[in-house]
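Asker: Got a structure for you, questions after.
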Amino acid sequence: MTVRAKFNCHYIQRADDKSSITVHMGAVTSGSEENKAWSKLTPGGLVSMHISTPDAFGLFEQGKEYFIDICPVE
Numbered sequence: 001m002t003v004r005a006k007f008n009c010h011y012i013q014r015a016d017d018k019s020s021i022t023v024h025m026g027a028v029t030s031g032s033e034e035n036k037a038w039s040k041l042t043p044g045g046l047v048s049m050h051i052s053t054p055d056a057f058g059l060f061e062q063g064k065e066y067f068i069d070i071c072p073v074e
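The numbering of the sequence shown is the UniProt record's numbering, which starts it at 1 and goes up by one.
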């Protein structure tokens, strides 16, 4: 089984030496009817990811929404 959550990137924290970023996200709760529907299923949640792969830095943008799929490792 997979759980899909919808998160908004609240902010991106860059390391002083620019070697990594930390992406901070929160579950969506408003902004559209779709987000209101998502918030009934995932009413709250926070995700922080520390990323040290420079090629991945550009994948995240403050204010943009992302799906996060969660499934067990088999």
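We treat Cβ as the ideally placed atom computed from N, Cα and C, and that holds for glycine. Just so we're clear, the structure is a prediction, and the values are computed from it rather than from any experiment.
Let me know the secondary structure DSSP gives Ala15 once reduced to three states.
Answerer: Residue numbering aside, residue 15 sits at position 15 when the sequence shown is read from its first letter. Of the three classes helix, strand and coil, the one that applies to Ala15 here is coil, per DSSP.
Asker: Give me the DSSP bridge partner(s) of Ala27.
Answerer: Against the sequence shown, residue 27 aligns to sequence position 27. Bridge partners of Ala27: Phe7.
Asker: Report yes or no: do the segment 47-56 and the segment 16-34 share at least 3 C-beta pairs separated by less than 8 Å?
Answerer: They touch, by the three-pair rule.
Asker: In the structure shown, what three-state DSSP assignment does Leu41 receive?
Answerer: As a first step, residue 41 must be located in the sequence shown, where it is residue number 41. Three-state DSSP puts Leu41 in a helix.
Asker: With which residues is Phe67 paired in a DSSP beta bridge?
Answerer: Numbered from 1 along the sequence shown, position 67 holds the residue referred to as residue 67. Phe67 pairs with Lys6.
Asker: Going straight from the alpha carbon of Gln13 to that of Lys6, what length do you get?
Answerer: Here the question's residue 13 lines up with position 13 in the sequence shown. Here the question's residue 6 lines up with position 6 in the sequence shown. Cα-Cα distance, rounded: 20 Å.
Asker: Is it buried or exposed for Ala27, if we count other Cβ within 10 angstroms and need 16 for buried?
Answerer: Taking the first residue of the sequence shown as 1, we reach residue 27 at position 27. The residue in question, Ala27, is buried, as its Cβ has 16 or more Cβ neighbours within 10 Å.
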